[in-house]
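Going by mature numbering (1 follows the signal peptide of the UniProt record, and there is no 0), the letters in the sequence shown line up with residues -29 to -1, 1 to 163, in that order. Every residue, glycine too, gets a C-beta built ideally from N, C-alpha and C.
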Amino acid sequence: MRTAGRRRLYHILGASILGLVATCRPVCAEEPAKIVEQYVRAAGGSRALAKIHTLELEGTFTTDDGKSGTFTFDTKLPNRYYLELLVGEQTLIEAYNGKSAWHRDAAGELATLVGAEGMQLEAAAQYYNSRLVNPKKEKMALAFVGHVQVRGRDALELEVSSSTGMKRLVFFDPETHLVVKEAATVGGAEEA
């Protein structure tokens, strides 16, 4: 009887442990595809996002040292990207026209970006135009990095890698499922 009781106890313990592992799995290991799927739904759904062919954003910002500036951000399918920052008399521009990447620095000099800097702008154009609707089709790899704090709130951090190997960190709010922060090297400069 003692061995039968122990066996029963082992079966109960084994079933309990399996139950805990099964319930812990979704919490312990976030699935990046699921996080992106929730984001797409929260942003309006794949049909609505796929209908966006051109996106133009304009606004103002304040730098860390208190200077105010304006920005213009444009994307156009399939792979156009344009970002302009104007602070005082300085204008910074970075763009990808579908074939080549270029920028205008603070001194006003224009330059074509090649190598890693050019690929970074190409990857940014791909990322912003895809709106993460179908990362597999766009040949983007997704990897869950972990839970982090963004502006004092919990966020889910994903690494999005382009087909050229360029990486971008995207942070999602676990409640609203929207993007709360992005970080990447674009045109040789760290953007966060």
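For residue i, which three-state DSSP category applies?
i, result
"Ser101", "helix"
"Val150", "strand"
"Lys108", "coil"
"Leu48", "coil"
"Val11", "helix"
"Lys138", "strand"
"Ala114", "strand"
Could you tell me the distance, in whole angstroms, from the CA atom of residue i to the CA atom of residue j?
i, j, result
"Ala78", "Leu26", "28 Å"
"Pro(-4)", "Pro3", "Summary for Pro(-4): the model assigns pLDDT 47, below 50, so the residue's position carries little reliability; its value from the coordinates is reported in the next sentence. Approximately 11 Å, taken between the alpha carbons."
"Leu140", "Asn50", "20 Å"
"Val116", "Ala126", "11 Å"
"Lys107", "Glu128", "19 Å"
"Arg124", "Val150", "13 Å"
"Lys5", "Asp35", "35 Å"
"Pro145", "Ala66", "32 Å"
"His70", "Phe142", "In the sequence on display, residue 70 carries Lys and not His. When rounded, the distance between both Cα atoms is 29 Å."
"Ala96", "Ala13", "22 Å"
"Ser39", "Thr62", "13 Å"
"Asn68", "Val119", "34 Å"
Comparing alpha-carbon positions, which option in the options lies nearest residue i?
i, options, result
"Thr41", "Glu60, Glu153, Pro49, Leu81", "Glu60"
"Met137", "Glu93, Asp35, Val116, Thr147", "Glu93"
"Leu84", "Gln91, Asp76, Ala72", "Ala72"
"Thr135", "Asp144, Ala14, Arg124, Met90", "Met90"
"Ser133", "Tyr98, Arg122, Ala87", "Tyr98"
"Thr31", "Ala13, Asp45, Leu57", "Leu57"
"Glu29", "Ala95, Leu54, Glu88", "Leu54"
Excluding the 5 residues preceding and the 5 following residue i in the sequence, name in chain order all residues of the same chain whose CB lies nearer than 8 Å to its CB.
i, result
"Val104", "Val11, Ser17, Leu20, Ala21"
Considering only residues of the same chain and omitting the five flanking positions on each side of residue i, which have a CB-CB separation below 6 Å?
i, result
"Arg75", "Ile64, Leu81"
"Arg102", "Leu20"
"Lys47", "Thr25"
Using a Cβ cut-off of 9 Å (strictly closer), state whether residue i contacts chain B.
i, result
"Asn100", "The structure shown contains no chain B; it is built from a single protein chain."
Just to confirm my understanding: we take residue i, look at its own chain, exclude 5 residues before and 5 after, and list those with CB closer than 7 Å. What are they?
i, result
"Glu161", "none"
"Val121", "Phe142, Val151, Lys152"
Does the stretch 149 to 158 come close enough to the stretch 105 to 116 that 3 or more CB-CB pairs lie under 8 Å? no
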